[in-house]
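Chemist:
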Amino acid sequence: MTVDNSNAGTFTLTDEARRDISVTIADHVVKTFETTFGVTVKYIMDSIVHFNDDDLITKIELKQDSTAIELRFAFPRALLTPLLQKVYGPIMASHEKVVEDAACEISNIICGGLKKHLNENGYQFAMSLPSITIDNLKAPNASDRDRMNMNFILQDDEFSVDLNLMRKI
Amino acid sequence: MDLKDLKVLIVDDHMLMRNLLQQFSGNLGITDTAFCSSGDEALERLGDDAFNIVMADLNMPGMSGQELLTHIRKNPKYDRMAFIMITAEGETDTMLQIMNAGATSYITKPVSQATLAEHLDKVLQWLRQRM
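Here it is as structure tokens:
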């Protein structure tokens with residue numbers, strides 16, 4: 032599908048945009064887990080970000096002209112495997128390919144919700160396919176105006192969504 | 003014709019969604035389902051079997067759901083085949099384009115069993131009108 036960006040607005044991460052994005056992502060995270068797995072995930076406000084070496088990290092990009100919003104989702108495997116047992120049973124649910132596929136699809140659904148929200152508010156972002164990345168994630172610096180991070184909790188396991196706004200000059 | 007009489011082809015590059023759609027369809031009474039992980043694979047599969055419904059993801063590597071829909075609607079052999087587009091994105095403009103391209107219905111992810119049931123009811127009416 033061809034996207035005409037000629038009338039699209041320039042995206043900046045203002046305080047208002049941060050609030051708007053937080054609400055949109057949080058809504059889609061909660062809805063995705065509830066609808067797909069029947070579990071309740073909670074958004075933890077003002078939490079300290081902890082990334083674990085074992086986290087499965089997915090990456091998706093929303094692009095509009097020279098602006099890219101990169102979203103990374105960090106899921107502990109211990110969070111996903113019990114959920115996948117409901118879909119696949121205990122043996123298949125622990126296979127790495129199954130866990131990676133689920134992490135990518137969950138990220139795809141949440142990012143799709145954000146894309147829809149942004150595009151229905153004047154932007155024309157196109158979305159990439161999700162992929163697994165082995166990059167390490169670091170907690171954002173509070174002074175970093177082009178980055179934001181959100182943490183969620185399901186029972187005892189936390190996972191995070193990291194958003195990074197990038198501009199190509 | 004009832005849900006139990008339907009033969010459904012599920013096309014999604016993600017195993018999770020294929021399995022969920024199969025489980026939900028099975029719970030609703032559809033037992034005859036087949037899987038494909040790409041649009042190209044779906045086109046080959048359609049040549050072999052008489053499916054009543056294709057449920058396809060919009061955003062897939064290779065042939066997209068929209069391209070698959072275009073191929074299907076170009077072929078008069080599939081005039082009585084319903085097409086449900088499933089997407090994580092779902093902007094109103096995109097969905098209008100997809101309906102204009104010949105989709106019978108579209109569902110925005112995440113998909114619940116109740117949502118699928120509502121759409122299948124409408125699709126069943128569409129199929130009955132073409133019997």
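Residue numbers (the working numbering), protein chains in the order written: chain D, 32 to 200; chain P, 3 to 133. No residue lacks a Cβ here, since even glycine has one placed at the ideal position from N, Cα and C.
#1: Look up valine 34 of chain D in the DSSP assignment and say whether it is helix, strand or coil.
#2: Is any heavy atom of the ligand PLP found at a distance shorter than 7 angstroms from the C-beta of tyrosine 108 of chain P?
#3: From the beta carbon of lysine 79 of chain P, is the nearest beta carbon of chain D less than 8 angstroms away?
#4: What does serine 114 of chain P reach in chain D if we use C-beta pairs closer than 8 angstroms?
#5: Buried or exposed: where does serine 162 of chain D fall if 16 or more other Cβ atoms within 10 Å of its Cβ makes it buried?
#6: What's the C-alpha gap between glycine 49 of chain P and leucine 23 of chain P?
#7: Consider the Cβ of valine 203 of chain D: report whether some Cβ of chain P lies at a distance smaller than 8 angstroms.
#8: Using only CA atoms, which one of D:Ala157, D:Phe68, D:Glu101 lies nearest to aspartate 166 of chain D?
#9: Which same chain residues end up closer than 6 angstroms to phenylalanine 26 of chain P when comparing Cβ atoms and leaving out the 5 residues on each side of it in sequence?
#10: Please confirm whether aspartate 84 of chain D has its beta-carbon closer than 8 angstroms to some beta-carbon of chain P.
#11: According to the Cβ coordinates, are aspartate 59 of chain P and threonine 89 of chain P closer than 8 angstroms?
#12: Quick check: what's the CA-CA separation for phenylalanine 68 of chain D versus methionine 17 of chain P?
#13: Give me the chain D residues within the contact set of threonine 35 of chain P, using Cβ-Cβ distance strictly less than 8 angstroms, ordered along the chain.
#14: Pull out every residue of the segment 6-22 of chain P whose Cβ sits closer than 7 angstroms to any Cβ of chain D, in chain order.
#15: Please report the straight-line C-alpha distance between leucine 129 of chain P and phenylalanine 190 of chain D, rounded to a whole angstrom.
#16: Out of curiosity, what's the CA-to-CA distance linking phenylalanine 183 of chain D and arginine 132 of chain P?
#17: In the segment 82-125 of chain D, which residue ranges form an unbroken beta strand (DSSP E) of at least 3 residues, counting only runs that do not cross its ends?
Modeler: If we stick to the structure as given:
#1: Summary for valine 34 of chain D: the model assigns pLDDT 44, below 50, so the residue's position carries little reliability, and this model does not support an answer.
#2: As presented, the structure is devoid of all ligands, the ligand PLP included, so that no description of it is given.
#3: no
#4: Thr66
#5: exposed
#6: The alpha-carbon atoms of glycine 49 of chain P and leucine 23 of chain P are separated by roughly 22 angstroms.
#7: Since the first residue of chain D shown is 32 and the last is 200, residue 203 of chain D is not available in this structure.
#8: Put simply, of D:Ala157, D:Phe68, D:Glu101 the residue whose alpha carbon is nearest the alpha carbon of aspartate 166 of chain D is D:Glu101.
#9: Gln115, Leu118
#10: no
#11: yes
#12: One C-alpha to the other measures close to 15 angstroms.
#13: Neighbours of threonine 35 of chain P on chain D: none; closest Cβ ~15 angstroms, over 8 angstroms.
#14: His16, Met17, Leu18, Met19, Asn21, Leu22
#15: Each residue's alpha carbon lies about 43 angstroms from the other.
#16: Cα to Cα, phenylalanine 183 of chain D sits roughly 48 angstroms from arginine 132 of chain P.
#17: 87-95, 98-106
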